Amino acid sequence: MALRKLEKQAQDETRFSLHENADAMYFPIFHLIGPLEEYLADHDNFSEREEIVEFYFKLTHFYMMLDSMDSGYEIYSEKRGRDFLLRLFCVNPSDKLEEYIENSRSSIFFSATLLPVQYYRQLLGGNRFEAYQIASPFAKENRLLAITEDVTSRYTRRGEWEYGKMIRYLELCLEKKAGNYMIFFPSYEMLTSVYGMAKQSNLALVSELIVQEPSMEERSREAFLEKFREQSGKPLIGFCVLGSIFSEGIDLTGNSLIGVLIVGTGLPQICNEREVIRAYFDRQQKKGYDYAYRYPGMNKVLQAAGRVIRTAEDVGTILLMDERFLERDNQSLLPEEWEIYYAVNRNNCGQVLENFWNGLDNDKVAEAES
1 MALRKLEKQA
11 QDETRFSLHE
21 NADAMYFPIF
31 HLIGPLEEYL
41 ADHDNFSERE
51 EIVEFYFKLT
61 HFYMMLDSMD
71 SGYEIYSEKR
81 GRDFLLRLFC
91 VNPSDKLEEY
101 IENSRSSIFF
111 SATLLPVQYY
121 RQLLGGNRFE
131 AYQIASPFAK
141 ENRLLAITED
151 VTSRYTRRGE
161 WEYGKMIRYL
171 ELCLEKKAGN
181 YMIFFPSYEM
191 LTSVYGMAKQ
201 SNLALVSELI
211 VQEPSMEERS
221 REAFLEKFRE
231 QSGKPLIGFC
241 VLGSIFSEGI
251 DLTGNSLIGV
261 LIVGTGLPQI
271 CNEREVIRAY
281 FDRQQKKGYD
291 YAYRYPGMNK
301 VLQAAGRVIR
311 TAEDVGTILL
321 MDERFLERDN
331 QSLLPEEWEI
341 YYAVNRNNCG
351 QVLENFWNGL
361 DNDKVAEAES
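Residue 367 in UniProt numbering is what sits at position 367 of the sequence shown, and the numbering runs on without skipping anything.
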């Protein structure tokens, strides 16, 4: 009956409904946990025991969350087909984290992608934070950053014409420096479309193309990465999804990876969870859209870009492939060490790449002669 009452408040199947509280659920769950616990204690062996135990722990977890929620939580419901879901969603963990921080002598949050600082300060409970941004120890001369001004992943422009331009940039990278590259896409759908076109293009003749598959097991992941480490002599292009297993936490040093191309600004897909976050921070007089979409998106971009330069000896190129990176709101989120970049198109990108790689080669010659 408690769920029925909340379900009646739900609007329709494509939207979500916010609820001020879920008090109607509190006592029904409380009175269900006790009998379940007794039943499981008295019945050690029956066919559905595993499922009942799992349900019991989920119910207990839900009850404990319901009992300890603070103002950083939102309660919302949604319909998925014939199912009705009620979620206790921690939108802003700052108060909870601050409780733990207060009980410690000091707390250190460290990452290469804690940007923008005010966003993470808000979410990590850092009202008394000292924030330091340490300059990159890697030489800027070892990295080329370029933003393409004639490509976008905007939904309204997706199609073969736009995908063909992405393939052309891959060709330019290989023409100016043969080696191993990764290209990251905002979705599997776009990855599949561009990969299909690439297999029919000149890229398939001059390089080996490999693709990230959905739900790759550990062995498949390692085999994928090993392809880059082998350095067989033939250029390699890995087609990957932005924000997934290959865009963070991997080290491909030296010539294992000499460039990444990142398609799109990483914006998460519109969904109920993102819209709940957006509405929450709008009510807090924050920039709800940025908190829900722009900041998480840029974080994924920074993670993927960080795959190129992993040591002081690494060199490589980063192509941000979306004209929206040139917009002021996105420019303000780029790291300080990215202040120097090239705005390129298909006509001049080849020359920019050539100048970068030739400049590195000339530096090596001069160093050898000195």
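No residue lacks a Cβ here, since even glycine has one placed at the ideal position from N, Cα and C.
Quick caveat: nothing in here was measured; it's all calculated off a predicted structure.
Residue i in three-state terms, based on DSSP
i           : result
Gln351      : helix
Lys29       : Just to set this straight, residue 29 is Ile in the shown sequence, not Lys. Three-state DSSP puts Ile29 in a helix.
Gly238      : strand
Thr113      : coil
residue 372 : As shown, the chain starts at 1 and ends at 370. That puts residue 372 outside it, with no answer to give.
Val260      : strand
Leu360      : helix
Val315      : coil
Tyr143      : Note that residue 143 corresponds to Arg in the displayed sequence, not to Tyr. If DSSP states are grouped into helix, strand and coil, Arg143 belongs with the strands.
Leu333      : coil
Glu20       : coil
Tyr293      : helix
Phe46       : coil
Leu209      : strand
Met321      : strand
Glu37       : helix
Phe55       : helix
Pro119      : Note that residue 119 is Tyr in the sequence shown, not Pro. Helix.
Thr253      : coil
Asp12       : Its pLDDT being 49, under 50, Asp12 is placed unreliably by the model, and nothing is read from it.
Arg168      : helix
Leu124      : coil
Arg158      : coil
Gln64       : What sits at residue 64 in the sequence shown is Met, not Gln. In the structure shown, Met64 sits in a helix (DSSP, three-state: H, G or I).
Met69       : coil
Leu326      : helix
Ser247      : coil
Glu339      : coil
Ser94       : helix
Met1        : Reliability fails at Met1, whose pLDDT of 48 lies under 50, so the model's placement of it is uncertain and no value is given.
Pro268      : coil
Range covered by the beta strand (DSSP E) that runs through residue i
i      : result
Phe89  : 83-90
Ala343 : 342-344
Residue from the options whose Cα sits closest to the Cα of residue i
i           : options                        : result
Leu124      : Pro93, Phe138, Thr113, Arg143  : Pro93
Tyr119      : Val301, Gly288, Leu326         : Gly288
Glu149      : Leu97, Arg15, Asn348, Glu273   : Asn348
Leu85       : Met25, Gly316, Phe110          : Met25
Tyr169      : Glu51, Tyr295, Val260          : Val260
Phe89       : Phe246, Glu99, Ser17           : Ser17
Tyr132      : Asp83, Asn142, Phe110, Lys227  : Phe110
Leu360      : Asn142, Asp67, Leu32, Glu130   : Asn142
Asn330      : Phe228, Ser201, Arg229, Leu115 : Leu115
Gln212      : Lys227, Gln200, Val206         : Lys227
Ile245      : Ser153, Ile134, Phe224         : Phe224
Ser256      : Gly233, Glu248, Asp95          : Gly233
Leu353      : Phe325, Leu172, Ser153         : Leu172
Leu319      : Thr192, Gly350, Gln231, Glu50  : Gly350
Tyr155      : Ala135, Glu130, Glu189         : Glu189
Ile258      : Met298, Pro214, Phe356         : Phe356
Ser247      : Lys176, Ser187, Phe27, Ser104  : Ser187
Leu209      : Ile167, Gln122, Arg328         : Ile167
Pro214      : Gly243, Gln231, Gln200         : Gly243
residue 373 : Gln303, Thr317, Leu333         : Given a span of 1 to 370 for the chain in the structure shown, any question on residue 373 remains unanswerable.
Glu78       : Cys271, Glu99, Leu32, Tyr280   : Cys271
Phe325      : Val315, Met298, Thr311, Glu337 : Met298
Endpoints, the alpha helix (DSSP H) within which residue i is located
i      : result
Val151 : Val151 -> no alpha helix (DSSP H), and no H or E assigned at all.
Ser220 : 218-230
Leu205 : 203-206
Asp282 : 272-283
Lys286 : Run containing Lys286: none; DSSP gives neither H nor E here.
Thr192 : 188-199
Ser107 : First-last for Ser107: undefined, no H or E at that position.
Residues that DSSP places opposite residue i in a beta bridge
i      : result
Lys79  : Phe84
Asn180 : Leu236
Glu74  : Phe89
Phe185 : Val241
The ligand COA heavy atom lying under 8 Å from the CB of residue i
i     : result
Leu40 : Summarising the ligand content, the structure contains no ligands, and the ligand COA is consequently not present.
Count the C-beta pairs between the stretch 54-63 and the stretch 25-41 that are closer than 8 Å, then say yes if the count reaches three, no if not. yes
Cβ pair count under 8 Å reaching 3, the stretch 337-346 against the stretch 143-163: yes
The stretch 66-78 / the stretch 268-277 touching (three or more Cβ pairs under 8 Å): yes
Are three or more beta carbon pairs between the stretch 215-225 and the stretch 151-167 nearer than 8 Å? no
Between the stretch 251-268 and the stretch 287-305, can you find at least three pairs of beta-carbon atoms closer than 8 Å? yes
Are there three or more Cβ pairs, one per stretch, closer than 8 Å when the stretch 299-312 is compared with the stretch 236-253? yes
Does the contact criterion of 3 or more C-beta pairs under 8 Å hold for the stretch 223-238 versus the stretch 167-184? yes
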